[in-house]
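Okay, so the sequence shown: first residue is 112 according to this note's numbering, each after it adds one.
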Amino acid sequence: MAKYEKLEVGQRIWIESIWYFYTNRDRSVREYEIVEANRNSAYAVRVDNLGKDKPYRERIDQRTRKIKSAGSFGIGEIFWDSKEAFEADVKRVNDTEIAREKAIKKVNKMSLEQLQELLGGDNR
């Protein structure tokens, strides 16, 4: 049984570049359309480049969903089935960061006794 369903011509996908990690930019995705697909690979073109003569195509491994052209100059790309899945991940990461900051502030204000109680008693 395949881990992923095969990508098909005409299907829309979203690709996130992890370049934001190096530039402190907000995360974002671009919409792509599958323009060619076979058993092993699918080829996607950014939607805003579909009308061009020879647009750059991203090659995606059908089995792993890894983007094969990714990785040049340390830049990676992440495949997303939908923009909603990407947005949910962004929200999850942001919510986790906020919760972590709140927890650190709270723990920093605790006394040793309160910390020991939080951790389940005397941990000597």
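Where is the CB? At the ideal position from N, CA and C, for every residue including glycine.
Nearest neighbour of residue 165, chosen from 172, 173 and 156 [CA to CA]: Here residue 165 corresponds to residue number 54 of the sequence shown, with the count starting at 1. Per the Cα distances, 156.
Check the C-beta distance from residue 230 over to residue 221 and give it rounded, since I have them as a contact under 8 Å. As a position in the sequence shown, residue 230 is number 119, starting the count at 1. As a position in the sequence shown, residue 221 is number 110, starting the count at 1. That pair is no contact at about 10 Å.
Compare the Cα-Cα distances from residue 143 to each of 115, 128, 150 and 225 and report the closest residue. Residue 143 sits at position 32 when you count from the first residue of the sequence shown. Nearest of 115, 128, 150 and 225 to residue 143, Cα basis: 128.
With C-beta atoms as the reference, is residue 138 less than 8 Å away from residue 201? Mapped onto the sequence shown, residue 138 falls at position 27. Mapped onto the sequence shown, residue 201 falls at position 90. Their beta carbons are under 8 Å apart, which means residue 138 touches residue 201 by this criterion.
Alpha helix (DSSP H) runs wholly inside the region 188 to 222, at least 4 long, in chain order: 194 to 219
Classify residue 158 as helix, strand or coil using the three-state DSSP reduction. Position 47 of the sequence shown, counting from 1, holds the residue named residue 158. In this structure, residue 158 counts as helix in the three-state DSSP scheme.
Indicate the three-state DSSP secondary structure (helix, strand or coil) for residue 224 in the structure shown. Sequence index remark: in the sequence shown, residue 224 carries index 113 (1-based). Three-state DSSP puts residue 224 in a helix.
By alpha-carbon positions, which one of 173, 116 and 177 ends up nearest to residue 187? Locating residue 187 in the sequence shown gives position 76, counting from the first residue. Comparing Cα-Cα distances from residue 187 to each of 173, 116 and 177, the minimum goes to 177.
Opposite residue 128 in the DSSP bridges: which residues? Here residue 128 is taken as the residue at index 17 of the sequence shown, counted from 1. Paired residues: 188.
Taking Cβ positions, are residue 192 and residue 124 nearer each other than 8 Å? Translated into the one-based positions of the sequence shown, residue 192 becomes position 81. Translated into the one-based positions of the sequence shown, residue 124 becomes position 13. Yes, the pair counts as a contact, with Cβ atoms nearer than the cut-off.
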